[in-house]
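Q: So that we are looking at the same thing, I have put the structure below in structure tokens.
Number of protein chains: 2
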Amino acid sequence: MKNRIHIIIVAAGKGSRFGADMPKQFVSLGGRPVLMHTLSRLRKVFPDANFLLVLSKAFVEYWTELCGNQGIDSPRIVIGGDTRAESVNNAMSALRDSGIKDGDVLMVHDGARPVVPEDMLRRIYDAIDGGAEAAIPVIPVTDSLRLLGCEGGSEVADRSRLVAVQTPQAFRADVIATAYKETFSPTLTDDASVYQSFTGKAPMLVEGSPLNIKITNPRDIEVAALYMKLR
Amino acid sequence: MKNRIHIIIVAAGKGSRFGADMPKQFVSLGGRPVLMHTLSRLRKVFPDANFLLVLSKAFVEYWTELCGNQGIDSPRIVIGGDTRAESVNNAMSALRDSGIKDGDVLMVHDGARPVVPEDMLRRIYDAIDGGAEAAIPVIPVTDSLRLLGCEGGSEVADRSRLVAVQTPQAFRADVIATAYKETFSPTLTDDASVYQSFTGKAPMLVEGSPLNIKITNPRDIEVAALYMKLR
């Protein structure tokens, strides 16, 4: 991996949607917080990357203590915003301030995806290394879908034309940093769409993994623990 | 439950998409085949229902032996077709031949959904009992989605307008049986769309359950076993 790699881990959620006391990224998964699994998995594949961890201000002290207790070096911390887009935007600003070079690669990953497979991480990186400006992992949609209409109506949606999008999403660092600067809006939910609205080009679609689940409720913790054992 | 209930369990898959020796509905889940779990869960909630089990011809003897070994009465067996729609259509023909009465309720369930929650089954039934002609269980789409275009292009899809569709799907028996007779096509994947194309009306959408997974690969067996323990 010859390019410098920046990795933004987005973990600024305050946990309002999670049915536990803690935000999902801090819930225990086999004895360690979800976010520690996420970090250590990324560090294993990209040991020399420049990590930025986006946290809610309320959890910075808690995280720092966790790292101290477990003997882990925390990445540089960036304070998040009210939405995911604002959180990523804050990290982009910090990166621009510290200098991005031609050829740098930037990846953005959800802190709540702790079991992202290593081979998948390499595939995403390789796409950018191979010349793509943007690459995102996708998997087929396995559920049958319906499109909701007005007044309770609905109709079958053609799932063969849809894919489910995961993270990490990877970019040429200079391009995505500029895209965020020029076209940022707090309601954007997806980094690839910031890239696309700025460049007018679609990202390369790379094979994701069904194992790469996002922890969104307590049940998912059990599934993630299972997937860690399966591999 | 005052109405007579017919339940078609669709389990005619030959297993070509499943990475094991057995079709998914016969794989062991905690020591018993998936399909036995499905059947016993439905029988628990609807003990007086008239069950029709759709099997591939190649597995009828195997299933009959399984039932004998486990001391379970098999429902009436209907031989499936090459597609799911053909399998359901064969069961509809058998039902029409044996007589459907006004007020009968018909449910169609995937044999590979063994952990369907009991309260969800009751909700679906209650919708028809309450006057709906068709009711299907749906859950929100949690993944971010992209819509594929031509030549490698894609764009963000609005998942807030989409829901994932599960089974059982429930109908007024006379309406769905007629709909299959009049508008059947072997490529239809969804019973509600047969109803909709015949009547021009959308089915009632009822709350499904994220636990109600469909077994589509070996990993799902582990998740199903986990979900059975969670509840």
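If you read the protein sequences in the order shown, they are chains R and P. Read in order, the letters of the first sequence correspond to residues 846 to 1076 in this note's numbering. Read in order, the letters of the second sequence correspond to residues 846 to 1076 in this note's numbering. Built from N, CA and C at the ideal position, the CB exists for glycine as well.
If R/Ala-936 and R/Val-899 are in contact, beta carbons under 8 Å, what's the gap, nearest whole angstrom?
A: The Cβ separation is near 5 Å, so the contact holds.
Q: Since R/Ala-1002 meets chain P, which of its residues come closer than 8 Å, beta carbon to beta carbon?
A: What R/Ala-1002 touches in chain P: Leu-1007.
Q: With a cut-off of 9 Å, does the C-beta of R/Asp-971 fall near any C-beta of chain P?
A: So, not an interface residue.
Q: Name, going along the chain, the residues of the segment 1034-1045 of chain P whose beta-carbon falls closer than 8 Å to a beta-carbon of chain R.
A: Going along the segment 1034-1045 of chain P in chain order, one finds Thr-1034, Asp-1035, Ala-1037, Ser-1038, Gln-1041 with a Cβ nearer than 8 Å to chain R.
Q: Buried or exposed: where does R/Ser-885 fall if 16 or more other Cβ atoms within 10 Å of its Cβ makes it buried?
A: Answer is exposed; the Cβ neighbour count stays below 16.
Q: Could you check what DSSP says for P/Arg-991 in three-state terms: helix, strand or coil?
A: Note: P/Arg-991 maps to strand in three-state DSSP.
Q: Would you report the Cα separation of P/Ile-1066 and R/Gly-944, rounded to the nearest angstrom?
A: Rounded to whole angstroms, P/Ile-1066 to R/Gly-944 spans 48 Å at the Cα level.
Q: Indicate whether P/Ala-1015 and P/Ile-981 have their beta-carbon atoms separated by less than 9 Å.
A: It is a contact, given that the beta carbons lie within the stated cut-off.
Q: Using DSSP with H/G/I as helix, E/B as strand and the rest coil, what is P/Leu-1050?
A: Reduced to three states, the DSSP call for P/Leu-1050 is strand.
Q: In chain order, what residues of the segment 960-991 of chain P put their CB closer than 9 Å to some CB of chain R?
A: Listed by position along the chain: Ile-981, Val-983, Ile-984, Val-986, Thr-987, Asp-988, Ser-989, Leu-990, Arg-991.
Q: Check for me: the beta strand (DSSP E) holding R/Asp-955 runs from which residue to which?
A: Its beta strand (DSSP E) spans residues 950-955.
Q: With DSSP as the reference, identify every bridge partner of R/Gln-1014, one or two as the case may be.
A: In DSSP, R/Gln-1014 forms a bridge with R/Val-953.
Q: P/Ser-989 and R/Asp-1035 look like a contact to me (Cβ under 8 Å); what is the Cβ gap, rounded to whole Å?
A: With a Cβ gap of about 6 Å, P/Ser-989 and R/Asp-1035 count as contacting.
Q: Can you tell me which of P/Lys-869, P/Ser-999, P/Ile-1060 puts its alpha carbon nearest to the alpha carbon of R/Ala-979?
A: Considering only alpha carbons, the answer is P/Ser-999.
Q: Which residues, in order along the segment 1056-1068 of chain R, keep a beta-carbon less than 7 Å from a beta-carbon of chain P?
A: Under the 7 Å Cβ criterion, the segment 1056-1068 of chain R contributes Thr-1061, Arg-1064, Glu-1067, Val-1068.
Q: Exposed or buried, which one is P/Leu-1075 when buried takes at least 16 other CB atoms within 10 Å?
A: Exposed, since its Cβ has fewer than 16 Cβ neighbours within 10 Å.
Q: Where DSSP assigns a beta bridge to R/Ile-852, which residues make up the other side?
A: Note: R/Ile-852 sits in a beta bridge opposite R/Phe-896, R/Met-952.
Q: Of all the CB atoms in chain R, is at least one closer than 9 Å to the CB of P/Gln-1011?
A: By this cut-off, P/Gln-1011 is an interface position.
Q: Short check: CB of P/Ser-901 to CB of P/Lys-859, under 9 Å?
A: Taking 9 Å as the Cβ cut-off, P/Ser-901 and P/Lys-859 qualify as a contacting pair.
Q: Over the uninterrupted alpha helix (DSSP H) stretch that includes R/Ile-1078, give me the two end residues.
A: Residue numbering for chain R in the displayed model covers 846 to 1076; residue 1078 of chain R lies beyond these limits and cannot be assessed.
Q: Leaving aside the five residues before and after P/Asp-947 along the sequence, list all residues of the same chain whose C-beta is less than 8 Å from its C-beta, in chain order.
A: If we look at P/Asp-947 and ignore the five residues flanking it on each side, its Cβ neighbours are Asp-1019.
Q: Closest to R/Asn-848 by CA distance: which of R/Pro-892, R/Gly-956, R/Thr-1061, R/Asn-934 is it?
A: The option with the nearest alpha carbon to R/Asn-848 is R/Pro-892.
Q: Measure the C-alpha to C-alpha separation of R/His-851 and R/Phe-896 and round it to an integer number of angstroms.
A: So the two alpha carbons sit approximately 6 Å from each other.
Q: When you compare each of R/Ile-917, R/Pro-1063, R/Thr-1012 to R/Val-872 by their alpha carbons, which one comes out closest?
A: The option with the nearest alpha carbon to R/Val-872 is R/Pro-1063.
Q: Please return the same chain residues whose Cβ sits closer than 8 Å to the Cβ of P/Asp-1083, not counting the five positions on each side in sequence.
A: Given that chain P is displayed from residue 846 to residue 1076, the structure contains no residue 1083 of chain P and the question cannot be resolved.
Q: With a Cβ-Cβ cutoff of 9 Å, do P/Leu-1117 and P/Val-961 count as a contact?
A: Not covered by the structure: residue 1117 of chain P. The range shown for chain P is 846 to 1076.
Q: Output yes or no for whether 9 Å exceeds the beta carbon distance between R/Ile-922 and R/Thr-909.
A: Contact flag set, yes.
Q: For R/Ala-1047, decide whether its Cβ has a neighbour in chain P, counting only Cβ atoms nearer than 9 Å.
A: By this cut-off, R/Ala-1047 is an interface position.
Q: Does P/Ser-873 have its Cβ less than 9 Å from a Cβ in chain R?
A: Chain R, which has no Cβ nearer than 9 Å to the Cβ of P/Ser-873, makes this no.
Q: List, in order along the chain, the chain P residues whose C-beta lies closer than 7 Å to that of R/Ser-999?
A: In chain order: Ala-1047, Leu-1050.
Q: Just to confirm, is the Cβ distance from P/Ala-1069 to P/Pro-959 under 9 Å?
A: Their beta carbons are under 9 Å apart, which means P/Ala-1069 touches P/Pro-959 by this criterion.
Q: Can you tell me whether R/Asn-934 is buried or exposed, with buried defined as 16 or more other CB within 10 angstroms of its CB?
A: That one is buried.
Q: Measure the CB-CB distance between R/Gly-955 and R/Thr-883 and report whether it falls below 9 Å.
A: Gly is not the amino acid found at residue 955 of chain R; the sequence shown has Asp there. Against a cut-off of 9 Å, the Cβ pair of R/Thr-883 and R/Asp-955 comes out as a contact.
Q: Measure the C-alpha to C-alpha separation of P/Pro-1013 and R/Tyr-1072 and round it to an integer number of angstroms.
A: Looking at the two C-alpha atoms, the distance is approximately 28 Å.
Q: Taking 9 Å as the CB-CB limit, is P/Leu-993 close to chain R?
A: True, the Cβ-Cβ gap to chain R drops below 9 Å.
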